[in-house]
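In the numbering used here, the protein residues as written are 4 to 460.
Here it is, written out as structure tokens:
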């Protein structure tokens, strides 16, 4: 009860101490044996307005529904004849160990263990998530980490091979139905776990203002909307600090070319002997091309990257900015005469996020056809994305052409290297074609990346 009330508060439901006491009193009077009566008593005492009802309805089953509410799974191996079992074992041997174990687990109707769920939560950042609207996204991320799509494809292949080996159509349809039921049950288990873990995190969160220093080191994927608002306000201060740091570094650096005329003039008093060498102060500012993935998984990272870049426009000659999900859009005009935050907000509203729609390869092809003239040997080309391409063509030849045409190709990726190449990630193919690949999963790391790239000649 206490954790449920804490989660409601973290979700934006205003609950006073008196209302909490009323809820406990109502439960004491009505008991918990009748689920509907229990739910209605809590809703009547804890929810004051209709706007809070969706939050209550979403969180209630995550705290109070029993494990019996989960969909059942079926062990298909129990009803198999010895011939069918031998046929299946023979077919399973052609797959790698990790994939085979997952397939066997599915065929036996075994749910994921708590240890397996905890490992997936750790890998995907679910343990830090505190915003229920990202529940489905984290569930999809967990299924991607466990290669769920690969398992589905492998099971389809198994069914086709068993048909070729003589299994009857009726038996195949029966097995296919059970496999689909088990897959659905596994998806439901993961989705339910994601919701429960987020709800637990919400119940344990502190209601007071987050510490900015802590938020600077918190992964983008674990930020709540409230925390992101705090970081948006922090970007201007960070930009001012970066500007001073970069300017001081440039002033101290002796990177200018030899100025022969100034050297001769300053050494006339020495009879023309060059005792004091002069350098030109002029240093060419970089030109930037920035392409940002603004799909759900990348939205916060790309937004903060664009905010930093446009807050530091006095340090660059020109910035051409682009955003993509399933297609590329030139977004530099959005920043003309606008504050960066207002411009970014307009872009994000025009290109709302969606699942499974990312097509980086198509975006690169669009860029090469329409905007290639923005790239030359003075251009620092910056990709901001996780390298995930929804199994579409990664357009590696086009990417290599862009990398060769530019001065430097920098890729900023918030995903840890251990996830590169997993699922629909093409990052291991893009990385060798880059001048530098930087992992930046937090605003602190992103700030250091921007500092480094703007400090380079």
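Every residue gets a Cβ at the ideal spot worked out from N, C-alpha and C, and that includes glycine.
Quiz prompt | Boundaries (first-last residue) of the beta strand (DSSP E) holding residue 450 | solution = The residue given as residue 450 occupies position 447 in the chain shown. Unbroken run through residue 450 is the alpha helix (DSSP H), 446 to 458; no beta strand (DSSP E).
Self-check item: DSSP-derived helix/strand/coil call for residue 398
Solution: Within the chain shown, the letter at position 395 stands for residue 398. Under the three-state reduction of DSSP output, residue 398 falls in the coil class, being neither helix nor strand.
Quiz prompt | residue 340 versus 17, 199, 234, 316, residue with shortest Cα-Cα distance | solution = Walking along the chain shown from the start, residue 340 turns up at place 337. Ranked by Cα distance from residue 340, the options 17, 199, 234, 316 are led by 316.
Practice problem: Please say whether residue 303 and residue 231 have beta carbons closer to each other than 7 Å? | Solution: Locating residue 231 in the chain shown gives position 228, where the first residue counts as 1. Locating residue 303 in the chain shown gives position 300, where the first residue counts as 1. A contact, by the Cβ cut-off of 7 Å.
Exercise. Below 8 Å on the Cβ atoms is my guess for residue 219 versus residue 447; work out the distance and round it to an integer in Å.
Key: Counting from 1 along the chain shown, the entry for residue 219 is found at position 216. Counting from 1 along the chain shown, the entry for residue 447 is found at position 444. About 4 Å; that satisfies the 8 Å criterion.
Quiz prompt | Pairwise C-alpha distance: residue 217 and residue 444 | solution = By 1-based counting over the chain shown, the position of residue 444 is 441. By 1-based counting over the chain shown, the position of residue 217 is 214. Using only the alpha carbons, I get a separation of about 13 Å.
Practice problem: Could you give the DSSP three-state label for residue 15: helix, strand or coil? | Solution: Working through the chain shown from its first residue, we reach residue 15 at position 12. Residue 15: coil per DSSP, three-state reduction.
Self-check item: Euclidean distance between Cα positions of residue 42 and residue 116
Solution: To locate residue 42, count along the chain shown from 1; it is residue 39. To locate residue 116, count along the chain shown from 1; it is residue 113. So the alpha carbons of these two residues sit roughly 29 Å apart.
Exercise. Can you tell me which of 167, 59, 127 puts its alpha carbon nearest to the alpha carbon of residue 148?
Key: The sequence position of residue 148 within the chain shown is 145, counting from 1. Checked all of 167, 59, 127; the closest Cα to residue 148 is 127.
Quiz item: So what does residue 382 bridge to, in DSSP terms?
Solution: Locating residue 382 in the chain shown gives position 379, counting from the first residue. Within the DSSP secondary-structure output, residue 382 pairs in a beta bridge with 290.
Practice problem: Determine the DSSP secondary structure at residue 221, reduced to helix, strand or coil. | Solution: To locate residue 221, count along the chain shown from 1; it is residue 218. Correct three-state label for residue 221: coil.
Exercise. Could you tell me whether the Cβ atoms of residue 362 and residue 395 are closer together than 7 Å?
Key: Translated into positions along the chain shown, residue 362 becomes position 359. Translated into positions along the chain shown, residue 395 becomes position 392. A contact, by the Cβ cut-off of 7 Å.
Exercise. Check whether the Cβ atoms of residue 382 and residue 409 sit closer than 7 Å, and answer yes or no.
Key: The residue labelled residue 382 in the question sits at position 379 within the chain shown. The residue labelled residue 409 in the question sits at position 406 within the chain shown. Taking 7 Å as the cut-off, the beta carbon of residue 382 is found closer than this to the beta carbon of residue 409.
Self-check item: Beta-carbon gap between residue 202 and residue 10 smaller than 7 Å
Solution: Locating residue 202 in the chain shown gives position 199, where the first residue counts as 1. Locating residue 10 in the chain shown gives position 7, where the first residue counts as 1. Result yes, Cβ atoms of residue 202 and residue 10 sit closer than 7 Å.
Practice problem: Look up residue 81 in the DSSP assignment and say whether it is helix, strand or coil. | Solution: Position 78 of the chain shown, counting from 1, holds the residue named residue 81. In this structure, residue 81 counts as coil in the three-state DSSP scheme.
Self-check item: Euclidean distance between Cα positions of residue 233 and residue 65
Solution: If you number the chain shown from 1, residue 233 lands on position 230. If you number the chain shown from 1, residue 65 lands on position 62. If I take the Cα positions, the gap works out to 29 Å.
Quiz prompt | Presumed contact (8 Å Cβ cut-off) between residue 77 and residue 34, rounded CB distance | solution = Within the chain shown, the letter at position 74 stands for residue 77. Within the chain shown, the letter at position 31 stands for residue 34. At roughly 35 Å, the Cβ-Cβ gap does not stay under 8 Å, so residue 77 and residue 34 are not in contact.
Quiz item: Does the Cβ of residue 37 have 16 or more other Cβ atoms within 10 Å, making it buried, or fewer, making it exposed?
Solution: To locate residue 37, count along the chain shown from 1; it is residue 34. With fewer than 16 Cβ atoms within 10 Å of its Cβ, residue 37 is classed as exposed.
Quiz item: So, residue 245 versus residue 454, is the Cβ gap smaller than 7 Å?
Solution: Counted from its first residue, the chain shown places residue 245 at position 242. Counted from its first residue, the chain shown places residue 454 at position 451. Yes, these two residues count as a Cβ contact at 7 Å.
Practice problem: Write down every uninterrupted run of the beta strand (DSSP E) in the stretch 124 to 160 whose length is 3 residues or greater and which is fully enclosed by it, in chain order. | Solution: Not a single unbroken stretch of the beta strand (DSSP E) spanning 3 or more residues falls wholly within the stretch 124 to 160.
Quiz prompt | Nearest residue (CA-CA) to residue 120, options 106, 109, 142, 137 | solution = Here residue 120 corresponds to residue number 117 of the chain shown, with the count starting at 1. Among 106, 109, 142, 137, the Cα nearest to that of residue 120 is on 142.
Exercise. Just the C-alpha distance for residue 212 and residue 229, rounded to the nearest angstrom, thanks.
Key: What you label residue 212 is simply residue 209 of the chain shown in a count that begins at 1. What you label residue 229 is simply residue 226 of the chain shown in a count that begins at 1. Since pLDDT at residue 212 reaches only 47, below the 50 mark, its modelled position is unreliable, and the value read off the structure follows with that caveat. If you take the alpha carbons of residue 212 and residue 229, they lie about 9 Å apart.
Quiz item: According to the Cβ coordinates, are residue 90 and residue 158 closer than 7 Å?
Solution: Here residue 90 refers to the residue found at position 87 of the chain shown. Here residue 158 refers to the residue found at position 155 of the chain shown. No. Outside cutoff.
Self-check item: Delimiting residues of the alpha helix (DSSP H) encompassing residue 331
Solution: The residue you call residue 331 lines up with position 328 of the chain shown. Run containing residue 331: none in the alpha helix (DSSP H); it sits in the beta strand (DSSP E), 331 to 333.
Practice problem: Indicate whether the contact test is met: 3 or more Cβ pairs, each with one atom in the stretch 43 to 51 and one in the stretch 161 to 178, closer than 8 Å. | Solution: As far as the Cβ criterion goes, the stretch 43 to 51 does not touch the stretch 161 to 178, which means the pair count is below three.
Quiz item: Which residue or residues does DSSP assign as beta-bridge partners of residue 326?
Solution: In the chain shown, the residue the question calls residue 326 occupies position 323. BP columns for residue 326 point to 295, 332.
Self-check item: Option nearest residue 63 by Cα separation, candidates 39, 80, 404
Solution: Taking the first residue of the chain shown as position 1, residue 63 is located at position 60. That would be 39, whose Cα lies nearest to the Cα of residue 63.
Quiz item: Quick one: is residue 227 buried, meaning 16 or more other Cβ sit within 10 Å of its Cβ, or exposed?
Solution: Position 224 of the chain shown, counted from the start, is the residue given in the question as residue 227. Label assigned to residue 227: buried.
Quiz item: Near residue 434, what residues of its chain come up, given a Cβ to Cβ distance below 6 Å and the 5 sequence neighbours on each side ignored?
Solution: Position 431 of the chain shown, counted from the first residue, corresponds to residue 434. 440.
Quiz item: How is the beta strand (DSSP E) around residue 440 delimited, first residue to last?
Solution: Against the chain shown, residue 440 aligns to sequence position 437. First-last of the beta strand (DSSP E) with residue 440: 439 to 442.
Quiz item: Which one of 144, 6, 17, 106 has the shortest CA to CA distance from residue 418?
Solution: Taking the chain shown and counting its residues from 1, the one referred to as residue 418 is at position 415. The candidate whose alpha carbon is nearest that of residue 418 is 144.
Quiz prompt | Residues that residue 412 bridges to, as DSSP identifies them | solution = Numbered from its first residue, the chain shown carries residue 412 at position 409. Beta-bridge pairing links residue 412 to 384.
Exercise. Would you kindly work out how many angstroms separate the C-alpha atoms of residue 337 and residue 313, rounded to a whole number?
Key: If you number the chain shown from 1, residue 337 lands on position 334. If you number the chain shown from 1, residue 313 lands on position 310. Cα to Cα, the separation comes out at about 11 Å.
Quiz prompt | Backbone CA spacing between residue 210 and residue 15 [nearest angstrom] | solution = In the chain shown, residue 210 corresponds to position 207, counting from 1. In the chain shown, residue 15 corresponds to position 12, counting from 1. Any answer about residue 210 is weak, because its pLDDT of 47 lies below 50 and its placement is not dependable; what the coordinates show is given next. Each residue's Cα considered, the two are about 10 Å apart.
Exercise. Could you please give the first and the last residue of the uninterrupted alpha helix (DSSP H) stretch that includes residue 310?
Key: Taking the first residue of the chain shown as 1, we reach residue 310 at position 307. Its alpha helix (DSSP H) spans residues 302 to 314.
Quiz item: Roughly how many angstroms separate the alpha carbons of residue 334 and residue 348, rounded to a whole number?
Solution: Numbered from its first residue, the chain shown carries residue 334 at position 331. Numbered from its first residue, the chain shown carries residue 348 at position 345. Distance between residue 334 and residue 348, taken at the CA atoms: about 11 Å.
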